[in-house]
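In UniProt numbering, the protein residues as written are 1 to 286. All C-beta atoms in this analysis are idealised placements derived from N, C-alpha and C, irrespective of residue type, glycine included. Here the structure comes first, spelled out in structure tokens, and everything after it is commentary.
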Ligand SMILES: Nc1ncnc2c1ncn2[C@@H]1O[C@H](COP(=O)(O)OP(=O)(O)OP(=O)(O)O)[C@@H](O)[C@H]1O
Ligand SMILES: O=P(O)(O)OC[C@H]1O[C@H](OP(=O)(O)OP(=O)(O)O)[C@H](O)[C@@H]1O
Ligand SMILES: [Mg+2]
């Protein structure tokens, strides 16, 4: 099985970290190697450009890939979004010069504008859908400088904090699309010879995401305090309680969100819990 992951850009590191957290370890090859065998049998990582991954997966050259959904849409690739990931979030916006007396899309109607973008296809269907007359200027990056240069009037580009837009005298007036990174698959993966292994891998990937930000908490509680401690705990279903040998004491175990841990510690300690142990959760497979 082949998994295509970005070899450059801002999705490269989080994608590799995600693959490793799933339990797939790249087996050291040359730093510049673009095909890397892994600790999983017959599973290799193919290191390619983020924007090429939708086409590579559509062609079946890799069964799975990690890329941005903006690039999936731009490529118009026939692939399936299989696992939504928690990185690569971005917003593609239409931005115009701040000096323009234009606040909404409506204000642009009737004007002939030139729009610089690397998202040519996304921009084309956006303009059609919104009924805006615009000539697209295809560029490969640094879109924000194009209006300053006079190469275009406006841009359609990625914005995250908005700093780059401001720095170049631009303001966003509409969100064209919201994007995030995902694991994508070839449409035919369910019928392919690798389908069982892919399915298992997807289950583990989802389990890894479910486990993020969750902790397991163990504590010892005397019988007289048990009810009070249990009532102050969250749980996926209910806390599990087991008797400690020989005395009226219990071990209580539950799963909680990391952000709730300080409050839980304070509550259960005040209710009489002792020997509180908190452990990381690697995966939660449902
Ligand atoms: N602030 C951001 N700027 C650009 N892309 C972002 C940002 N935040 C998230 N992304 C997402 O990351 C992906 C961009 O990856 P890509 O490797 O093409 O660009 P990059 O990191 O800017 O590298 P380069 O432009 O140098 O090739 C897209 O899916 C995009 O939506
Ligand atoms: O809203 P901000 O927080 O300022 O971030 C957005 C900027 O970051 C990216 O540029 P990048 O550095 O990837 O350069 P590129 O345009 O050449 O890809 C993106 O293309 C914007 O220019
Ligand atoms: Mg970039």
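Between which two residues does the alpha helix (DSSP H) holding residue i run?
i, result
"residue 211", "195–211"
"residue 148", "146–149"
"residue 12", "12–22"
"residue 157", "Looking at the DSSP string, residue 157 is not in any alpha helix (DSSP H); the run it does join, the beta strand (DSSP E), is 154–159."
"residue 73", "69–75"
"residue 57", "53–58"
In the DSSP output, what is residue i paired with across the bridge?
i, result
"residue 40", "According to DSSP, residue 40 bridges with nothing at all."
"residue 124", "For residue 124, which the question treats as bridged, DSSP gives no partner whatsoever."
"residue 2", "44"
"residue 230", "Answer is none; residue 230 lacks a bridge partner."
"residue 102", "Answer by DSSP bridge pairing: none, since residue 102 is not bridged."
"residue 276", "None; residue 276 has no bridge partner."
"residue 185", "64, 80"
Need the endpoints of the beta strand (DSSP E) that residue i sits in, please.
i, result
"residue 262", "Note, residue 262: premise wrong, no beta strand (DSSP E); alpha helix (DSSP H) at 261–270."
"residue 214", "214–222"
"residue 82", "79–84"
"residue 7", "Unbroken run through residue 7: none, as it is neither H nor E."
"residue 177", "170–179"
"residue 93", "90–97"
"residue 134", "134–138"
"residue 241", "240–243"
For residue i, is the beta carbon positioned less than 8 Å from some heavy atom of ligand 1?
i, result
"residue 36", "no"
"residue 92", "yes"
"residue 51", "yes"
"residue 12", "yes"
"residue 47", "no"
"residue 126", "no"
"residue 141", "yes"
"residue 23", "no"
Would DSSP call residue i helix, strand or coil?
i, result
"residue 111", "coil"
"residue 225", "helix"
"residue 282", "coil"
"residue 248", "coil"
"residue 166", "helix"
"residue 257", "strand"
"residue 50", "helix"
"residue 34", "coil"
"residue 287", "Beyond the ends of the chain as shown, which are 1 and 286, falls residue 287; an answer cannot be given."
"residue 64", "strand"
"residue 28", "coil"
Quick one: is the Cβ of residue i within less than 8 Å of any heavy atom of ligand 2?
i, result
"residue 158", "yes"
"residue 169", "no"
"residue 144", "yes"
"residue 208", "no"
What is the C-beta distance between residue i and residue j, in whole angstroms, given that I count them as a contact (C-beta under 8 Å)?
i, j, result
"residue 146", "residue 155", "6 Å"
"residue 240", "residue 250", "Not really, about 10 Å apart at Cβ, beyond 8 Å."
"residue 48", "residue 78", "Rounded, the Cβ-Cβ distance is 18 Å, inconsistent with contact."
"residue 15", "residue 56", "Incorrect: roughly 14 Å between the Cβ atoms, too far for contact."
"residue 261", "residue 285", "That belief does not hold up - the Cβ atoms of residue 261 and residue 285 are roughly 22 Å apart, past 8 Å."
"residue 181", "residue 67", "7 Å"
"residue 22", "residue 85", "That belief does not hold up - the Cβ atoms of residue 22 and residue 85 are roughly 11 Å apart, past 8 Å."
Just to confirm, does residue i get its C-beta within under 8 Å of one of the non-hydrogen atoms of ligand 5?
i, result
"residue 179", "This structure simply doesn't include ligand 5; it includes ligand 1, ligand 2 and ligand 3 instead."
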